[in-house]
Amino acid sequence: MDFELRRAREKLDKEQRERKERAKLKLDRERKAKEEAKKQRDAIEAAQRSRRLDAIEAQLKAEQKMGESLLAGRGVVFYKILEAVPFQGSGDKIKLPPSCFTELSDQGAFDKGPMYFQLSLVHQEGSSATKDDDKENNRTTHSGVLEFTADEGSVAIPPHVWSNLFPVDAPNIPLVEVRYVRLSKGTYAKLQPDGIGFSDLPNHKAILETSLRQHATLSQDDVLTVKYGELTYKLRVLELKPSSSISVLETDIEVDIVNPGVESERTDQYVLKPLAFGASESGLVEEGNYMYYKFSIDDDTWEKLVSDDVKIEVKIDAEANGGDTDLYVSKHPLIFPNRHQHEWSSHDVGSKTLILSSNDRNLGTGTYSIAVYGFKGTTKYQVSVHVQENSKHKVGQQATHSSSIEVDTVECRNCKHFIPSRSIALHEAYCSRHNVVCPHAGCGIVLRIEETKNHVHCDKCGQAFHLGEMEKHMKVFHEPLRCPCGVVLEKEDMVQHQTSDCPLRLITCRFCGDMVQAGSSAMDVRDRLRGLSEHESICGSRTAPCDSCGRSVMLKDMDIHQIAVHQKN
6 MDFELRRARE KLDKEQRERK ERAKLKLDRE RKAKEEAKKQ RDAIEAAQRS RRLDAIEAQL
66 KAEQKMGESL LAGRGVVFYK ILEAVPFQGS GDKIKLPPSC FTELSDQGAF DKGPMYFQLS
126 LVHQEGSSAT KDDDKENNRT THSGVLEFTA DEGSVAIPPH VWSNLFPVDA PNIPLVEVRY
186 VRLSKGTYAK LQPDGIGFSD LPNHKAILET SLRQHATLSQ DDVLTVKYGE LTYKLRVLEL
246 KPSSSISVLE TDIEVDIVNP GVESERTDQY VLKPLAFGAS ESGLVEEGNY MYYKFSIDDD
306 TWEKLVSDDV KIEVKIDAEA NGGDTDLYVS KHPLIFPNRH QHEWSSHDVG SKTLILSSND
366 RNLGTGTYSI AVYGFKGTTK YQVSVHVQEN SKHKVGQQAT HSSSIEVDTV ECRNCKHFIP
426 SRSIALHEAY CSRHNVVCPH AGCGIVLRIE ETKNHVHCDK CGQAFHLGEM EKHMKVFHEP
486 LRCPCGVVLE KEDMVQHQTS DCPLRLITCR FCGDMVQAGS SAMDVRDRLR GLSEHESICG
546 SRTAPCDSCG RSVMLKDMDI HQIAVHQKN
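Take 6 as the starting number for the sequence shown in our numbering and just add one per residue.
So, in structure tokens, the structure goes:
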């Protein structure tokens with residue numbers, strides 16, 4: 006009996022414990038469910054609150070941008086996000102879609118003068134940009150507009166603007182924010198070349214002015230590309246006034262060009278090193294590269310040259326280590342002579358010397374450039390420029406020479422030299438055994454028999470050379486050269502072509518004074534007869550008031566007008 010009661014009590018206690026545990030678990034589940042529901046309600050409320058705040062912030066930003074656009078555009082509001090597409094053009098003028106023309110025209114933007122636009126990168130979500138790239142992601146520059154012919158949804162960007170917006174790599178779909186702005190006319194700009202050499206260009210500020218004529222704007226921290234013939238220079242915009250972005254249209258800007266910073270490590274071979282008379286400079290030039298030097302002829306030196314008292318000697322002493330060089334000299338404004346463009350040259354194997362005298366019509370006072378070209382291998386050399394006195398003949402030497410003519414002489418049948426008649430038989434016997442005359446037409450040089458195998462003539466030009474020099478002669482003078490304009494010529498014809506015929510040659514315009522490409526022949530026959538290039542024909546078509554009568558006359562007709570109307574010479 007007691008045993009049964011004990012078992013019943015244990016069973017009851019067990020059931021009570023199980024009911025308590027189940028009740029406790031139920032309470033825990035209900036509590037957790039309430040907590041989860043509360044968390045979900047809090048998250049929903051937080052998300053809704055965040056969305057409301059984002060909407061308010063977006064509205065404030067939109068209103069702020071609208072206000073900025075109104076302020077920047079002075080009443081014209083234009084703001085677009087377009088896909089950037091590159092196109093090959095010069096300057097900083099972009100192409101916009103036709104719809105932008107309508108939108109700007111409706112707001113009267115064309116009545117407010119030249120149009121300028123601020124271009125900014127649009128940061129795209131999902132890009133792998135880091136904090137170090139924030140500056141690059143926030144790149145901003147300015148531009149003018151060329152035309153409204155781009156595809157809808159895109160903006161065509163020239164290389165100058167593209168390189169400033171995307172200095173490294175452009176994203177797969179580059180998006181650009183284009184905003185209409187008004188810019189103040191610039192009054193001051195400070196530029197810094199990225200390497201030495203730009204300041205050596207003759208009248209480099211005029212070259213910079215010519216390049217800026219293709220631009221409508223300048224922005225601080227932009228990199229400006231300036232081309233001079235085949236050379237390209239990059240200048241960073243350090244400072245602008247009156248603001249960090251300016252208009253360069255129809256304004257006079259004071260330009261300061263500062264020296265490259267000491268941190269600039271650019272190794273540019275197009276650098277002129279000064280060379281003084283009597284001093285020598287050592288150097289090392291690799292095959293296909295140039296090393297440049299410069300020297301000047303002042304008035305005193307030129308007077309001595311004209312009086313035939315002295316001559317200029319340009320000399321290269323090269324080490325015989327398997328390499329070889331060529332020597333080119335030119336007078337400024339051709340500051341970087343090369344294989345195609347130069348005024349004097351020497352292609353001797355090994356050391357070489359150029360003599361410049363007053364008989365050279367291109368010689369005069371001014372600055373000259375020397376180019377040492379690595380023709381073969383790597384060559385160590387020493388270059389020098391000397392003012393050498395002309396040697397005077399001594400009277401005694403001339404008397405000895407004149408007295409020899411009075412002796413009875415006979416012409417040798419082998420070498421054609423005049424030999425005293427008393428020894429002609431002995432001379433001819435010796436001469437016929439040891440000497441031979443070159444049979445090439447027009448040569449006639451007398452050679453030792455053992456030297457005949459090394460005496461050769463060029464099949465193309467007929468010049469005589471040592472056998473070891475023929476390979477270089479053929480490569481220098483007869484290997485076809487391609488001009489950047491597409492013409493293929495041999496060396497001497499190429500030098501003449503690039504001096505007077507090439508449309509890409511640089512000339513100083515007689516009307517604007519800038520160094521510009523000559524272009525092809527002028528379209529107008531009268532301009533061709535005047536010797537005007539294509540650029541000068543177009544540039545001279547601008548009108549200016551006559552100083553005497555105030556009438557507007559084309560610049561190229563101003564001299565004729567002065568003679569015909571005002572009888573001024």
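Just so it is clear, CB atoms sit at the ideal spot from N, CA and C, and this is done for glycine as well.
Keep in mind it's a predicted model, so treat the numbers as computed, not measured.
Suppose the cutoff is 7 angstroms on Cβ atoms and the five residues either side in sequence are ignored; what does the same chain contact list for residue i look like?
i, result
"MET499", "HIS345, LEU486 and CYS488"
"HIS165", "GLY96, ASP97 and THR230"
"ILE1", "The question about residue 1 has no answer here: the residues shown for the chain are numbered 6 through 574."
"ILE61", "none"
"ASP7", "none"
"MET528", "SER542"
"LEU359", "VAL319, LEU332, VAL334, TRP349 and SER351"
"ASP313", "SER363 and ASN395"
Please work out which residues of its chain come closer than 8 angstroms, Cβ to Cβ, to residue i, disregarding the five sequence neighbours upstream and downstream, and give them in chain order.
i, result
"GLU324", "THR384, LYS385 and TYR386"
"LEU280", "GLU286, TYR298, LYS299, PHE300, ILE375, VAL388, SER389 and VAL390"
"TYR275", "GLY202, LEU236, TYR295, TYR297 and PHE341"
"GLN64", "none"
"GLU255", "LYS190"
"ILE429", "VAL415 and CYS417"
If you follow the alpha helix (DSSP H) that residue i is in, where does it begin and where does it stop?
i, result
"ILE568", "563-571"
"LYS309", "304-311"
"ALA211", "209-217"
"LEU472", "472-482"
"ARG535", "Per DSSP, ARG535 belongs to no alpha helix (DSSP H) and is neither H nor E."
"TYR435", "429-439"
"GLN503", "496-505"
With 16 other CB atoms within 10 Å as the buried threshold, where does residue i fall?
i, result
"ASN395", "exposed"
"GLU26", "exposed"
"ASN169", "buried"
"MET120", "buried"
"LEU87", "buried"
"TYR233", "buried"
"ALA13", "exposed"
"ARG184", "buried"
"LYS29", "exposed"
"ASP227", "buried"
"GLN146", "In the sequence as displayed, the identity of residue 146 is Thr instead of Gln. Under this definition THR146 is a buried residue."
"TYR238", "buried"
"HIS220", "buried"
"ASP564", "exposed"
"THR222", "buried"
"SER407", "In this prediction, SER407 has a pLDDT of 39, which is less than 50 and means its spatial position is unreliable; what the coordinates show is noted afterwards. So SER407 counts as exposed."
Please go through the same chain and pick out, in chain order, the residues whose beta-carbon is closer than 6 angstroms to the beta-carbon of residue i, but skip the five residues on each side of it.
i, result
"GLN503", "HIS345, GLN346 and ARG510"
"ASP261", "LYS195"
"GLN112", "VAL81"
"PHE482", "LYS496"
"TRP167", "PRO91"
Tell me, to the nearest whole angstrom, how far the beta carbon of residue i is from that of residue j; I am working on the premise that it is less than 8 angstroms.
i, j, result
"PRO163", "GLY94", "4 angstroms"
"SER335", "GLU348", "5 angstroms"
"ASP331", "TYR378", "4 angstroms"
"VAL90", "SER159", "5 angstroms"
"LYS561", "GLN567", "Going by Cβ atoms, the distance from LYS561 to GLN567 rounds to 12 angstroms, so no, they are not a contact pair."
"LYS100", "ALA48", "Not confirmed; about 49 angstroms, so no contact."
Quick check on the DSSP output: the beta strand (DSSP E) that includes residue i runs from which residue to which?
i, result
"GLN197", "193-198"
"VAL2", "Shown here, the chain extends from 6 to 574; a query on residue 2 therefore has no answer."
"LEU243", "236-246"
"LEU170", "No beta strand (DSSP E) holds LEU170; the alpha helix (DSSP H) holding it covers 164-170."
"THR230", "228-233"
"THR154", "Careful: THR154 lies outside any beta strand (DSSP E) and carries neither H nor E."
"GLU182", "180-186"
"LYS320", "315-323"
"PHE423", "423-425"
According to DSSP, is residue i part of a helix, a strand, or is it coil?
i, result
"ARG344", "coil"
"THR256", "coil"
"ALA525", "Here residue 525 is Ser; the residue named in the question, Ala, does not match the sequence. Correct three-state label for SER525: coil."
"VAL103", "The sequence given here places Pro at residue 103; Val does not occur at that position. Residue state, collapsed to three classes: helix."
"GLN468", "coil"
"SER55", "helix"
"ASP331", "strand"
"ARG487", "strand"
"ILE454", "helix"
"ALA13", "helix"
"SER125", "strand"
"PHE300", "strand"
"LEU109", "helix"
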